[in-house]
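So for the sequence shown, UniProt numbering puts the first residue at 1; every next one is plus one. From the three backbone atoms N, C-alpha and C, an ideal C-beta is built for every residue, glycine too.
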Amino acid sequence: MKLGPFKKIVILTGAGISAESGINTFRDSNGLWEQHRMEDVATPEAFKRDPQLVWRFYSMRRIQAAQAHPNRAHEALVKFAKTPGQEIHLITQNVDDLHHRADPTDHLPPLCMHGSLNQSRCMNCGTIYFDDHAYFDLKGDYAPQGTILCSSSQKASVDYLHHYKLDYRDFLPLSPCCKAAIRPHIVWFGEIPFHMTKINNLLTDADLFVSIGTSGQVYPAAGFLQIAKMSGATTVCINKEEIPQSQWIDHFIQGHASVEVPKFFE
Ligand code: BV8
C-alpha cells in the first residue's frame, strides 16, 4: 500500500509485534505463566499482597524475553527510520527489549510508555537499575546461588547476589542503595504511563499514525488512534485481527506483523 508522503510519522506497537519472536501476548493466551490475569498480577496491590508471586511472574518474562530475538517487523521499522527526509517516532507498550536489540545504533529509540522488563526500581528512593536478573527459575523456584538466570550481558556471579543483598528468607531482592524492596520498573494497572506529555504532543502533530500488534484493550494507548485521527492524521492499523477502534482507522491491514510491517514500510 503506497501512502504519503508524510512529514511526521508516529508508530505504536503492542505485544503482537513480539509474538512471532516467541514472546507471549496478553490476551491471545488466557493469562501468562501463573495463569493469573494481568490485572491481578501487574498492579501495585498485587505486589504488596504477594511480591514473590510478582517477582516469579516477571522472572519468567525476563527469561522468555532474553531467549527471544527481534523479528522482521522490528527490523523493518529500524530500516524505515534510516530513510532520510522524514520524522518518525516509535511508542511501545511492550516491556521486552526487542525494539532496542533490533536497533543497536539507536535510529529509532522507542518511548517505552509501560517501562522495561530489564529494569528495577528501589521502592524507597526511586533509583532505577538495569537489572535483567530472573530471581526465580522456570519452575518458579528461587534461582539457586551461583546459577543466576540472566542474559550474558549481566555479570552473572555470586557477588551479584550479594550486591543486591538477596534476603534468602523471603527470597526477595533488596535495593543496593537503601536495602529496601525493589520492584520491576514497569507501569502496572492503575499507574500513570511514562512520557504521556510527549506522546500526546506527537499524536496531535502526526500526519501518519500506525498501530501495530495491539488489541486496543488497554488505556490510554487504546485511545491513541482516535486522538491521531481527530487531529488530522491518516491512521493505519496492522494486526492479526480486528480491534474495537475500527471507526478511527483509515486503513486496516490484517495479517502477521513480520509479513505486513515490512511490506507496508518498504
Ligand atoms: C492509567 C505492563 C490513569 C505490565 C501494562 C475502564 C475503561 C478504560 C480504562 C480503564 C478502565 N478500568 C481501568 C482502566 C485503566 C487501565 C485499563 O486500560 N484497563 C483495561 C484492562 C480496561 N489502564 C491503566 O491502568 C493504565 N493507567 O490509566 O492511568 C492515567 C492515564 C493517563 C494519564 C493520567 C492518568 C496503565 C496501563 C498499563 C498497564 N501495564 N503492561 C506488563 O507488561 O507486565 S498493559 C499490558 O497490556 C501490556 O503492556 C500492553 O500494553 C497491554 C496488552 O496490550 P497489547 O500490547 O495490545 O497486547 P494484547 O495481547 O492485548 O494484544 C495483542 C494483539 O496482537 C492482539 O490483537 C493480537 O490479535 C495481535 N497479534 C498477535 N500476534 C500477532 C498479532 N498481530 C500481528 N502479528 C502477529 N503475529
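| Asked | Found |
| --- | --- |
| Cβ-Cβ distance between I17 and G213 below 7 angstroms | yes |
| Any non-hydrogen atom of the ligand BV8 closer than 6 angstroms to S215 Cβ | yes |
| Any 3 or more C-beta pairs closer than 8 angstroms across the region 187-202 and the region 116-134 | no |
| Three-state secondary structure assigned by DSSP to I63 | helix |
| The alpha helix (DSSP H) enclosing H89, as first and last residue numbers | Here H89 belongs to no alpha helix (DSSP H); instead the beta strand (DSSP E) covers 87-92. |
| Cβ-Cβ separation, H114 to Q93 (assumed contact under 8 angstroms), whole Å | 5 angstroms |
| Element boundaries [alpha helix (DSSP H), containing F189] | No alpha helix (DSSP H) contains F189, which DSSP labels as neither H nor E. |
| Any non-hydrogen atom of the ligand BV8 closer than 6 angstroms to M60 Cβ | no |
| Delimiting residues of the alpha helix (DSSP H) encompassing L202 | 196-205 |
| Closer than 6 angstroms: G16 CB and nearest the ligand BV8 heavy atom | yes |
| S215 (DSSP reduced to helix, strand or coil) | coil |
| Any non-hydrogen atom of the ligand ADP within 6 angstroms of R72 CB | The ligand ADP is absent from the structure shown, which contains only the ligand BV8. |
| CB contact below 7 angstroms: T197 versus chain C | Absent from the structure is chain C; it holds one protein chain and no more. |
| Pairwise C-alpha distance: I182 and T43 | 15 angstroms |
| Straight-line gap, K155 to R62 (C-alpha atoms, nearest Å) | Residue placement at K155 is poorly supported in this model, since its pLDDT is 38, which falls under 50; the coordinates still yield a value, given next. Going from the Cα of K155 to the Cα of R62 covers about 16 angstroms. |
| L208 vs F6 beta-carbon contact at 7 angstroms | yes |
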